[in-house]
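Student: Counting with the UniProt record's numbering, you get residues 1 to 161 for the letters of the sequence shown. Following this message is one structure expressed as structure tokens.
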Amino acid sequence: MFDVINDAHQKIGHGGEKKTFREAQNKWVNITQEARHLLLTFCEECQREKVVKPLVSTNLLSRAQVDLINFQTMSDGDFEYIMINLNHIKEFCILNPLKSKRAEELASILLEIFLTFSAPSILQSDNSREFSYVIIAELKTCWPELKLVTGRPRHPQSQGA
């Protein structure tokens with residue numbers, strides 16, 4: 001049965017589950033949804049080419065993304081990191097040099113950005129220690145509606161990038 005589903009999947013150019021099912025039914029009648037789903041889960045080409053849906057923001061301050069770039073090997077004097085703050089709706093980016101990635105320094109920069117442009121409703125970052133809930137708790141004292149959404153570290157696709 002796997003070969004029938006796989007042949008159908010290949011024949012239609014790695015189409016989705018429904019198209020694969022329709023094509024496979026030409027040769028085999030009792031193909032279960034679980035079998036179709038299992039094949040598509042293990043299709044290496046489909047997993048490699050899986051499309052990441054872009055994040056949709058509804059207003060200027062709805063979502064911002066923050067991340068760090070490590071420049072320790074090419075530091076500029078005392079500055080070893082760059083913090084990137086990206087506003088999703090305007091694709092507006094703010095870059096800040098950092099001497100370290102200590103929570104106090106990150107919170108200070110975020111506070112400066114939020115005081116200049118206002119805080120987003122959602123602040124998105126990878127799940128790294130630098131953007132801990134300690135920082136967010138401090139910022140939430142001024143902006144109670146602020147939420148932190150995390151993705152996987154070193155995996156920009158999980159952040160909509």
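Yeah, the Cβ is synthetic: ideal placement off N, Cα and C, and Gly gets one too.
Name the two residues that bound the continuous alpha helix (DSSP H) containing residue 71.
Tutor: Mapped onto the sequence shown, residue 71 falls at position 71. Neither: residue 71 is in no alpha helix (DSSP H) and is coded neither H nor E.
Student: Ignore the nearest five residues each way along the sequence and tell me which others in residue 24's own chain have a CB closer than 6 angstroms to its CB.
Tutor: Taking the sequence shown and counting its residues from 1, the one referred to as residue 24 is at position 24. Excluding sequence neighbours, residue 24 sits near 4, 5, 8, 31.
Student: What do you reckon, are the CB atoms on residue 91 and residue 99 nearer than 8 angstroms?
Tutor: For the purposes of this step, residue 91 is taken as the residue at position 91 of the sequence shown. For the purposes of this step, residue 99 is taken as the residue at position 99 of the sequence shown. No, the pair does not count as a contact, with Cβ atoms beyond the cut-off.
Student: Roughly how many angstroms lie between the CA atoms of residue 116 and residue 86, to the nearest whole one?
Tutor: One-based indexing of the sequence shown puts residue 116 at position 116. One-based indexing of the sequence shown puts residue 86 at position 86. Their Cα atoms are separated by approximately 14 angstroms.
Student: Shortest alpha-carbon distance to residue 121 belongs to which of 139, 107, 134?
Tutor: By 1-based counting over the sequence shown, the position of residue 121 is 121. Taking only the C-alpha atoms, the option nearest residue 121 is 139.
Student: Nearest-angstrom Cα distance between residue 79 and residue 21?
Tutor: As a first step, residue 79 is located in the sequence shown; it is residue number 79 there, counting from the start. As a first step, residue 21 is located in the sequence shown; it is residue number 21 there, counting from the start. About 56 angstroms.
Student: Could you check how far apart the C-beta atoms of residue 84 and residue 71 are, in whole angstroms? I think they sit under 8 angstroms.
Tutor: Position 84 of the sequence shown, counting from 1, holds the residue named residue 84. Position 71 of the sequence shown, counting from 1, holds the residue named residue 71. Their Cβ separation, rounded to whole angstroms, is 12 angstroms, which puts residue 84 and residue 71 out of contact at 8 angstroms.
Student: Is it right to say residue 114 is buried, meaning 16 or more other beta carbons lie within 10 angstroms of its own, or is it exposed?
Tutor: Here residue 114 refers to the residue found at position 114 when the sequence shown is read from its first residue. With 16 or more other Cβ atoms within 10 Å, it is buried.
Student: Roughly how many angstroms separate the alpha carbons of residue 149 and residue 17, rounded to a whole number?
Tutor: Here residue 149 refers to the residue found at position 149 of the sequence shown. Here residue 17 refers to the residue found at position 17 of the sequence shown. When rounded, the distance between both Cα atoms is 30 angstroms.
Student: For residue 33, which three-state DSSP category applies?
Tutor: Locating residue 33 in the sequence shown gives position 33, counting from the first residue. The answer is helix: DSSP assigns residue 33 an H, G or I state.
Student: Taking the alpha carbon of residue 145 as the reference point, which residue from 125, 119, 134 has its own alpha carbon closest?
Tutor: Within the sequence shown, residue 145 is the residue found at index 145, counting from 1. Closest by alpha carbon: 119.
Student: Would you call residue 88 buried or exposed, if buried means 16 or more other Cβ atoms sit within 10 Å of its Cβ?
Tutor: By 1-based counting over the sequence shown, the position of residue 88 is 88. It is buried - the Cβ of residue 88 has at least 16 other Cβ atoms within 10 Å.
Student: Going by the CB atoms, is the gap between residue 108 and residue 66 shorter than 8 angstroms?
Tutor: The count along the sequence shown starts at 1 and reaches residue 66 at position 66. The count along the sequence shown starts at 1 and reaches residue 108 at position 108. Not in contact: residue 66 and residue 108 (Cβ atoms no closer than 8 angstroms).
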